[in-house]
Amino acid sequence: AVASAVAEGKAERGVLVCSTGVGMSMAANRVKGVRAALAFNADEVRLTREHNNANILALGARYFNCAEAERLLAIFLDTPFLGGRHERRVNKIEIAQQA
């Protein structure tokens, strides 16, 4: 439901939480228009937004307490995509999803 909402433009971004985050991120990335990223620290969250324009953040509940998850989510929501040289990579991801 989260991946569909993002892909259909009903939501700008989404968050998925499960035990490890791995399966959910893999399933979400099968949906055209979704760029889901599994991240475990603030630097990964920031970079996946800045460099890959991730629109879904996947978190593993096993590895975070609520406060840390909230901190990572805030970084995800507050970090803009830098565009520029990173735009080519995002475009390649979108082209690959269309194939």
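The numbering of the sequence shown is our numbering, which starts it at 32 and goes up by one.
Heads up, the beta-carbon is just placed ideally off N, CA and C, and yes, glycines get one too.
With H, G and I counted as helix, E and B as strand and the rest as coil, what does DSSP make of residue i?
i: Leu47; result: strand
i: Leu108; result: helix
i: Leu90; result: strand
i: Ala73; result: helix
i: Ala202; result: In the structure as shown, the chain begins at 32 and stops at 130. Residue 202 is therefore absent and cannot be evaluated.
i: Ala68; result: strand
Do you know how far the Cα of residue j is from the Cα of residue i?
i: Ser35; j: Val62; result: 7 Å
i: Thr79; j: Ala70; result: 8 Å
i: Asn72; j: Tyr94; result: 10 Å
Beta-carbon separation of residue i and residue j under 7 Å?
i: Phe112; j: Asn84; result: yes
i: Ala89; j: Gly52; result: yes
i: Gly45; j: Ile87; result: yes
i: Val121; j: Leu103; result: no
i: Ser50; j: Ala92; result: yes
i: Val65; j: Ala59; result: yes
i: Val159; j: Leu47; result: Here the chain has residues from 32 to 130 only, and residue 159 is not among them.
Taking 6 Å as the line, does the beta carbon of residue i fall inside it for any heavy atom of the ligand SAH?
i: Gly40; result: Although the ligand SAH was asked about, the structure shown includes no ligands whatsoever.
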